[in-house]
Amino acid sequence: MQLRSRATYASMSSKKTSSNQNADTIRLEEISATQQSHQDAIIQLNSKLDEIMKLLEKSQEKRPIEEEITSHQFRQSPNRSREEQDNFMMGNQRRAKLFELDDDVTKKVRLEVAEFYGKLNPTAFLDWIMSMEDYFDWYAMPENRKVRFVKAKLKGAARLWWHNIENQAHRTGQPPIDTWDEMKLKMKEHFLPTDYEQLMYTKLFSLKQGTKSVEEYTEEFHELSIRNQVRESDAQLAARYKAGLRMEIQLEMIAAHTYTVDDVYQLALKIEEGLKFRVFRRPSSQIGSTFSNRTASKPLSTSNFRTPNHVNGGGNTQQTSNVAYKNGNKGKNSMSNGDRKVDVTPLCFKCGGHGHYAVVCPTKSLHFCVEEPESELESYPKEEETYNEDEVSEECDYYDGMTEGYSLVVRPLLTVPKVKGEEDWRRTSIFQTRISCQGRLCTMIIDGGSSLNIASQELVEKLNLKTERHPNPFRVAWVYDTSIPVSFRCLVTFLFGKDFEESVWCEVLPIKVSHILLGRPWLFDRKVQHDGYENTYALIHNGRKKILRPMKEVPPIKKSDENAQPKKVLTMCQFENESKETEVIFALMARKVEEFKEQDKEYPANARKILDDFPDLWPAELPNELPPMRDVQHAIDLIPGASLPNLPAYRMNPTGHAELKRQVDELLTKGFIRESLSPCGVPALLTPKKDGSWRMCVDSRAINKITIKYRFPIPRLDDMLDMMVGSVIFSKIDLRSGYHQIRIRPGDEWKTSFKTKDGLYEWLVMPFGLTNAPSTFMRIMTQVLKPFIGRFVVVYFDDILIYSRSCEDHEEHLKQVMRTLRAEKFYINLKKCTFMSPSVVFLGFVVSSKGVETDPEKIKAIVDWPVPTNIHEVRSFHGMATFYRRFIRNFSSIMAPITECMKPGLFIWTKAANKAFEEIKSKMVNPPILRLPDFEKVFEVACDASHVGIGAVLSQEGHPVAFFSEKLNGAKKKYSTYDLEFYAVVQAIRHWQHYLSYKEFVLYSDHEALRYLNSQKKLNSRHAKWSSFLQLFTFNLKHCAGIENKVVDALSRKALLLVNMSTTTIGFEELKNCYDNDADFGDVYSSL
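Here my numbering is used: the first residue of the sequence shown is 1059, the next is one more, and so on.
Take a look at the structure:
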């Protein structure tokens, strides 16, 4: 029984234990469920609290109105005393009563503040600070919320900068910036230059009107005065404002009484308006006019005039000098040849000194230009320039000129043998000297007998001077009735000495006597005075007198004798004797190397110095070795399952086969190819070059069909040109056989195999013609020059263009690129390179500091294009002209008749198409220079539309940046005028959205209805789509009617100005000489 009872007790205790464990488990589950429900309740409460906070924030704007209603109800309660009603008005309600705040309508106006990205200029940054403070004042924002609000408006680089400021304060234990004044001070220290106030004051102090209008100058003056917080009186500000106006405006307001800036501004506007209808002559820039303003009280100095002591051709010497120079003291200084004393003191024509000749002049340098101060000019009286016609008419013979052609002086030699004395060479030689043109020494002749200014064809070709078609071509008659055509002209800029620069339009002719010949047009335009005895030319340049002196002779450049026999060090007998006595013989062999002969003439000295430091980069031929294995190789991945091509070799004539074998042997010698055992093969062939030689190519079409295409981005021309804004100096580097400087990926060589009659070969370097070759080449060039691309380098396949803003920077940039090419073992083709040039031809365009121009060679091809006779020729011309469509406004509309001729069917060349053909050619003769876009300046878009097409002009400061046009077709031709103008605006902005999306721009349109674009209440589906697109941009729409649209009509109106004509009545200029003696006007004129 005892055992049974123990067993029973044990079983009961085990059951009890298990029941207790189950109870604990159930309790734990209940507790966890309760905790989970509590957590869910907390999350719900937090969400509700967030909703309540949002509702509270939204109701803050309605709160003042509710308080006012509550206050009104409280005050109208009859149970409240007057004191209780007044005491109830607290806070905003009492302030509204005392200070009469704006009504509720004003409070509902919502202000917006732009975001700050940290890239604005200092002036724009200060304007943003002011707009932020205006926002705080409008909403009466408390101090503790200002910093948080400004922080929310910081984006991009500005946001990162402020986040770094906060982290630094947290790490160093400094108190956070929690006031707007501290934050504003911190931002000014970072985003404003340290010398900003000095720069602004200097800009105000040096402000001049220049070419700006009075209104533009006044706006800039007021802005600078306000930003500098100038504390000057009205009279002082007016004096400062007046000092910056143009001189002719200041002279007109000398007698006016002005006390404030507004007075001067109003007067300047009237004077500027009057100046538009007057023709000004600048007496200070003309010798005759300068003399006319002087009195005749000073005697004439004859020290600068010489008369030869010989008479040309014999005769009475008394009759050759009857002309007397007049002055104010009549009779005192008048001389005839009979009583004149000739100065026999030697005069040096190099240094201008007396007592020695130029042959023994101690001054070694040559002097071609003498500068005299203006005070010496003013010392000459008026009578020096006037001659009495009655006194000379009897001594002069008049000859009728030729009535046909243009006669030029023909001269046998530049110099003649000296006969006697130092003066004889001047008697028998015309004026000749040396000048500097683009850093090159050139010869020049000044000849008053020439009716043209001429630039030699050799000069134009050697210096690559820009030429243009002559607006009025003609023929020049030479000796014995021979004549040559004058079809081109160019603007030649050259230097006399070091500081006297001239720019002259010259006709381009194949002359040999000199590089430049200045004739009567230059002498007439510059009012040049010729001293026949001294053989010097005097003219006025920038208010100072310049005297040009001739050189005695121009020694010719000595050329090496090509037929000269080389000198032998040893004869054959001597060599044999020496070889018998010597065991070892060292042979000295001459090897032809690349020399700077033609290159010396083309590259500046700085560029030649840099090239001398990298002679290993421009070998005559690529070295006979494989290029290094770089990170990027040309990979050929075939489509899985494709059958390999195996094509037979092409048949060739014996000459072609010999040439192909020779080139294959050269490639084998260099190691670029090797014999192959590939299972596939394509044929090789020869293609002719421009110079008549042959190039070996491989017909890789079959292997390209089964190759997987890889798409590496090719840079856009527009993007590359946009990077060059502000650049003034350029260099272009062309790689030598660039494809052959890239290796094939190991294991893919067999896929490049090609066949000839002699065997099967495969490439070890990348050949021409493979489908992914351009992608591979662009990838490796981008990788090699990636640190420089976008900063001062753009790359388009094997063309590397380096651009810089200064010559010093360009030298460093050029060295960096050269070092990189040397490190990667890339070789350049020196003959196709251009170094340190102000302009360069890049991808069919001429890029310079002025902007983008067309390539004259390409334009010549378009201008000389014959009239198309079939659809194929029309398509060729259309493609060629489309390449330069950015230079022709409304290109699509003009080209529309030609486009109609390209439709399938019978080809008909219509009159409209021929007219468009000639118009395109005429517009390409003198296309505009497109300025490179400057993203710091405001863009301007001008749109126009017709029922043929739409057009637009993108410009900055009145200079065109790009043109856009689109031909209308289908339903668009039926659009209304409003829809056409609207469509033109949308298409122009969509075309240039990469320029216009980041900044506000100005939009011009000649359609009045577009001004109400944003105020229309009802929009149809088409307008709604366009309006939603325009909401992405910020622009200022301005209406310009007709010819007032200067942006659109700038180029056409500029052409009209070139043909304006004016009428001049001869003789009126003599009335000025009678002003002093006039009874009524003489006193007034003398007092001026």
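For every residue, glycine included, the Cβ atom is placed at its ideal position computed from N, Cα and C.
May I ask you to report which of helix, strand or coil DSSP gives residue i?
| i | result |
| --- | --- |
| Phe1850 | coil |
| Arg1607 | coil |
| Pro2018 | strand |
| Ala1716 | helix |
| Leu1684 | coil |
| Thr1745 | strand |
| Phe1672 | coil |
| Asp1589 | strand |
| Glu1516 | helix |
| Trp1580 | helix |
| Leu2038 | helix |
| Gly2007 | strand |
| Thr1021 | With the chain covering 1059 to 2146 only, the question about residue 1021 has no answer from this structure. |
| Ser2055 | coil |
| Gln1721 | helix |
| Gln1490 | strand |
| Thr1252 | coil |
| Leu1103 | helix |
| Gln1377 | Residue confidence is low: Gln1377 scores 36 on pLDDT, short of 50, so the model does not pin down where it sits. Its coordinate-derived value is still stated next. Correct three-state label for Gln1377: helix. |
| Cys2132 | helix |
| Thr1765 | strand |
Roughly how many angstroms lie between the CA atoms of residue i and residue j, to the nearest whole one?
| i | j | result |
| --- | --- | --- |
| Phe1965 | Ala1971 | 12 Å |
| Ser2120 | Glu1994 | A caution first: Ser2120 carries a pLDDT of 47, below 50, which makes its placement in the model too unreliable to give a value. |
| Met1953 | Leu1859 | 33 Å |
| Ile1170 | Glu1201 | The identity of residue 1170 in the sequence shown is Glu, whereas the question assumes Ile. If you take the alpha carbons of Glu1170 and Glu1201, they lie about 19 Å apart. |
| Lys1719 | Arg1801 | 23 Å |
| Val1921 | His1798 | 37 Å |
| Glu1088 | Gln1094 | 10 Å |
| Tyr2056 | Phe2091 | 8 Å |
| Ile1917 | His1315 | 58 Å |
| Val1932 | Met1960 | 7 Å |
| Leu1705 | Lys1767 | 22 Å |
| Ser1907 | Thr1765 | 44 Å |
| Glu1109 | Leu1212 | 27 Å |
| Gln1287 | Glu1281 | 10 Å |
| Gln1131 | Met1111 | The predicted model places Gln1131 with a pLDDT of 49, which falls under 50 and marks its position as unreliable; any figure quoted below should be read in that light. Using only the alpha carbons, I get a separation of about 28 Å. |
| Lys1883 | Val1851 | 19 Å |
| Pro1251 | Trp1238 | 21 Å |
| Phe1193 | Met1241 | The sequence as given places Tyr at residue 1193; Phe does not occur at that position. C-alpha separation (whole angstroms): 16 Å. |
Let's test the definition: count the other Cβ atoms within 10 Å of the Cβ of residue i and tell me whether it reaches 16, buried, or not, exposed.
| i | result |
| --- | --- |
| Gly1214 | exposed |
| Pro1712 | exposed |
| Gln2154 | In the structure displayed, the chain extends from 1059 to 2146; residue 2154 sits before or after that span and is not available. |
| Ile1791 | buried |
| Val2142 | exposed |
| Arg1339 | Because the pLDDT of Arg1339 is 38, which lies under 50, any placement of that residue in the model is unreliable, and the number read from its coordinates should be weighed accordingly. The residue is exposed, with fewer than 16 neighbouring Cβ atoms inside 10 Å. |
| Val1925 | exposed |
| Phe1263 | exposed |
| Thr1501 | buried |
| Arg1229 | exposed |
| Asn1530 | exposed |
Check the Cβ-Cβ distances between residue i and every residue of chain B, and say whether any is below 9 Å.
| i | result |
| --- | --- |
| Glu1820 | Of the protein chains in the structure, only one exists, and it is not chain B. |
Rounded C-beta distance between residue i and residue j? I'm assuming under 8 Å.
| i | j | result |
| --- | --- | --- |
| Gly1231 | Leu1265 | Not really, about 49 Å apart at Cβ, beyond 8 Å. |
| Lys2030 | Leu2061 | That belief does not hold up - the Cβ atoms of Lys2030 and Leu2061 are roughly 21 Å apart, past 8 Å. |
| Phe1997 | Tyr2053 | 6 Å |
| Val1544 | Phe1532 | 6 Å |
| Ser1785 | Tyr1708 | Not a contact, Cβ separation roughly 48 Å. |
| Glu1911 | Val1904 | 4 Å |
Those runs of the alpha helix (DSSP H) which lie wholly inside the stretch 1883-1963 and span at least 4 residues: You should have 1914-1921, 1929-1940 and 1949-1958.
Whole runs of the alpha helix (DSSP H) within the stretch 1788-1864, excluding any shorter than 4 residues: 1831-1842, all fully within the stretch 1788-1864.
Complete runs of the alpha helix (DSSP H) confined to the stretch 1222-1249 [at least 4 residues]: If one requires a minimum length of 4 residues, the alpha helix (DSSP H) runs lying completely within the stretch 1222-1249 are 1238-1249, in chain order.
Runs of beta strand (DSSP E) lying entirely within the stretch 1528-1570, each at least 3 residues, in chain order: For the stretch 1528-1570, whole beta strand (DSSP E) runs of length 3 or above, ordered along the chain, are 1541-1554 and 1558-1567.
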